[in-house]
Amino acid sequence: MDIILLERIEKLGFMGDIVKVKDGYARNYLLPQKKALRNTKENRAIFEARRVELEALNLKRREEAQEIAKRAEGMSILMIRQASEGGQLYGSVTARDITDALKSEGLTVSRQQIQLHHPIKDLGNHEIRISLHPEVVVTVSVAIARTEEEARARAADLLESAEAAELADAHELEAEALIHEDEDEHAPEGLSTDL
Numbered sequence: 001m002d003i004i005l006l007e008r009i010e011k012l013g014f015m016g017d018i019v020k021v022k023d024g025y026a027r028n029y030l031l032p033q034k035k036a037l038r039n040t041k042e043n044r045a046i047f048e049a050r051r052v053e054l055e056a057l058n059l060k061r062r063e064e065a066q067e068i069a070k071r072a073e074g075m076s077i078l079m080i081r082q083a084s085e086g087g088q089l090y091g092s093v094t095a096r097d098i099t100d101a102l103k104s105e106g107l108t109v110s111r112q113q114i115q116l117h118h119p120i121k122d123l124g125n126h127e128i129r130i131s132l133h134p135e136v137v138v139t140v141s142v143a144i145a146r147t148e149e150e151a152r153a154r155a156a157d158l159l160e161s162a163e164a165a166e167l168a169d170a171h172e173l174e175a176e177a178l179i180h181e182d183e184d185e186h187a188p189e190g191l192s193t194d195l
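See the structure below:
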């Protein structure tokens with residue numbers, strides 16, 4: 001079925017694009033959620049008449065999402081859960097659990113905005129993407145531990161490993177620079193080692 005998109009939809013297109021989708025996706029999701037219109041001559045005329053209004057509404061929603069993204073960027077959430085000695089959770093952490101944790105931190109998002117492909121079933125730090133708007137996506141860190149002390153220890157280890165990785169990258173760049181300097185010095189005149 002050909003449809004006219006009323007907003008940007010990831011992996012599908014931008015507002016005003018005419019795209020072909022499966023009938024079930026259009027009938028069961030896009031049309032009832034008012035995210036698209038059937039591609040007919042009448043609907044194209046209706047869309048063009050409302051285009052300015054729709055673009056203004058989209059801009060307002062995007063600005064609101066960007067304000068929320070500023071507050072959420074770099075946010076870290078701690079969740080205490082029971083787990084086995086091997087680190088497997090008794091149960092799992094779902095989008096609903098993450099939504100509740102974000103709400104307790106003062107950030108209100110819906111379950112549908114959390115991009116979690118499958119429930120989290122093990123301890124550790126997990127990066128979760130939150131789609132606040134089709135054009136605004138923010139990443140939040142979720143630390144799952146048995147106790148708060150364990151979570152602090154994991155966070156400290158994570159910070160140390162990140163600092164060590166940065167230091168290793170810096171040393172690697174210095175070594176590459178020295179190698180290139182050495183190659184340039186030993187190259188025959190008139191030849192360059194640069195590609």
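Taking full-length UniProt numbering, the leading residue of the sequence shown gets 1, the next gets one more, and so forth. Here a beta-carbon is modelled for each residue, glycine too, at the ideal position from N, C-alpha and C.
To the nearest angstrom, how far is it from the Cα of residue i to the Cα of residue j?
i	j	result
Leu78	Thr99	13 Å
Gly91	Ser84	11 Å
Lys103	Lys41	44 Å
Tyr29	Ile68	26 Å
Thr139	Leu54	27 Å
Leu12	Gln33	15 Å
Ala36	Ile3	6 Å
Ala145	Glu127	15 Å
Ala72	Val21	33 Å
Leu107	Ser141	14 Å
Arg8	Ser76	28 Å
Applying the criterion that 16 or more other CB atoms from any shown protein chain within 10 Å of the CB defines a buried residue, is residue i buried or exposed?
i	result
His133	buried
residue 201	Not covered by the structure: residue 201. The range shown for the chain is 1 to 195.
Leu123	buried
Leu59	exposed
Val109	buried
Ala65	buried
To the nearest whole angstrom, what separates the beta carbons of residue i and residue j, a pair I think is in contact under 8 Å?
i	j	result
Phe14	Leu5	7 Å
Val136	Arg129	Between Arg129 and Val136 the Cβ distance is about 11 Å, and since that is not below 8 Å, they are no contact.
With a CB to CB cut of under 7 Å and the five nearest residues on each side skipped, what residues in its chain are close to residue i?
i	result
Leu195	Annotation note: pLDDT 48 at Leu195 (below 50); position unreliable, no value reported.
Gln88	Lys121, Asp122
Pro119	Ser92, Val93, Thr94
To which residues of the same chain is residue i closer than 6 Å at the C-beta, ignoring the five residues directly before and after it?
i	result
Asp23	Met1
Gly74	none
Check whether chain C comes within 8 Å of residue i, counting only Cβ atoms and requiring the distance to be less than that.
i	result
Leu78	Of the protein chains in this structure there is only one, and it is not chain C.
Mind checking which residues open and close the beta strand (DSSP E) that includes residue i?
i	result
Arg96	Note, Arg96: premise wrong, no beta strand (DSSP E); alpha helix (DSSP H) at 95 to 104.
Glu73	No beta strand (DSSP E) holds Glu73; DSSP gives it neither H nor E.
Suppose the cutoff is 8 Å on Cβ atoms and the five residues either side in sequence are ignored; what does the same chain contact list for residue i look like?
i	result
Asp97	Met79
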